[in-house]
Amino acid sequence: PYPAHALSASGVGALSSDAHMRVRTPFRCSPHPCEYEIAFVSDVEGDLDYFNRWVAGSRCVAYTGSDEAALTLTHARAYFVYGGDVPDHGRGSEQLLRLLVGLKRAFPRRVALLVGNRDLNKLRLTSECAPSDLARPHWSIPAPHWDPSAPTLSQHLEQVAAARGGGATAASCDCAAERLRWMYENTLGCPATFEARRAELAALRSVGSATGDNGGGGGGGGGGGGGALSSQAEIDAVARDGAERVRFGTVNEIARMQQQRDAAERRP
């Protein structure tokens with residue numbers, strides 16, 4: 138069997154991002170050894186082109202049609218593990234979230250979605266982009282305590298106002314879009330995400346370039362109303378859900394689980 142750390146969230150660097158593993162169960166209760174094939178990919182970070190190339194070379198995961206709108210597992214012994222970090226740098230975060238959540242729903246016992254830091258930190262958006270938090274005065278929101286060099290929200294808005302000119306002030310520039318941009322650029326470690334997400338959602342909606350509160354708030358994936366944020370929340374939920382997930386890479390757990398099911402099905 139593969140080393141137990143091979144699929145751990147902390148050990149993904151040692152494992153190829155397009156890894157496929159064949160694991161023979163070590164159990165002796167069956168006269169016929171079973172073979173399971175596990176596909177693993179991690180840290181796609183919104184790069185849908187890369188993910189599509191990975192799927193094209195996978196023996197376990199495939200698109201169900203030429204439109205690449207849904208994924209499936211290719212055979213009954215195929216399993217899939219996503220190692221975390223779905224969104225951010227590329228312009229395919231929304232589409233990738235939908236694909237992964239759809240695959241998990243279709244194969245809840247054979248698909249495991251592990252949560253990375255880029256997935257978890259987006260949970261902040263459910264509160265910080267909520268109407269109650271957006272109503273807080275911009276000057277009351279401090280800079281991130283972990284980065285002394287980062288500007289406060291007020292300082293960010295002052296820079297935006299100076300760039301706009303025409304008598305713009307920090308207060309007049311204060312909106313959901315600019316708060317979200319400030320969070321991405323200065324508190325979440327992904328300065329390119331705001332524009333990448335805005336461009337992706339504008340393309341998906343076929344409305345050109347999104348602007349203002351509507352484009353910024355939606356394009357960033359924050360602030361209620363479903364969309365990418367609800368898919369992200371589903372990723373977090375299904376990754377934590379029950380004993381069916383792969384717990385930090387114990388590959389044999391998958392084989393043991395399947396063998397127990399097979400034995401139960403053979404009982405009269």
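For the sequence shown, the residue numbers in my numbering are 138 to 405.
Think of the CB as a built atom: it goes at the ideal place given N, C-alpha and C, for glycine as much as any other residue.
Return the first residue and the last residue of the beta strand (DSSP E) that residue i is part of.
i           : result
residue 198 : 198-200
residue 260 : Unbroken run through residue 260: none, as it is neither H nor E.
residue 209 : 208-210
Report the rounded CA-to-CA distance for residue i versus residue j, giving the unit in angstroms.
i           : j           : result
residue 217 : residue 293 : 42 Å
residue 196 : residue 269 : 48 Å
residue 263 : residue 317 : 12 Å
residue 209 : residue 191 : 14 Å
residue 284 : residue 323 : 8 Å
residue 359 : residue 259 : For residue 359, the predicted structure reports a pLDDT of 41, less than 50, and the residue's modelled location is therefore unreliable. The matter cannot be settled from this model.
residue 287 : residue 233 : 30 Å
residue 151 : residue 219 : Summary for residue 151: the model assigns pLDDT 33, below 50, so the residue's position carries little reliability; its value from the coordinates is reported in the next sentence. If I take the Cα positions, the gap works out to 15 Å.
residue 256 : residue 326 : 12 Å
residue 314 : residue 320 : 10 Å
residue 153 : residue 338 : At residue 153 the pLDDT is 40, less than 50, meaning the model places this residue with poor confidence and gives no usable figure here.
residue 342 : residue 199 : 26 Å
residue 221 : residue 205 : 21 Å
residue 173 : residue 215 : 6 Å
residue 176 : residue 329 : 29 Å
Does DSSP classify residue i as helix, strand or coil?
i           : result
residue 249 : strand
residue 306 : coil
residue 337 : helix
residue 243 : helix
residue 330 : helix
residue 231 : helix
residue 193 : helix
residue 349 : Summary for residue 349: the model assigns pLDDT 47, below 50, so the residue's position carries little reliability, and this model does not support an answer.
residue 223 : coil
residue 181 : coil
Please report the residue range of the alpha helix (DSSP H) in which residue i lies.
i           : result
residue 315 : 313-323
residue 298 : 290-301
residue 268 : 268-271
task = Specify whether the segment 226-242 and the segment 320-336 touch according to this definition: at least 3 beta carbon pairs, one from each stretch, less than 8 Å apart.
result = Output reads yes: the segment 320-336 touches the segment 226-242.
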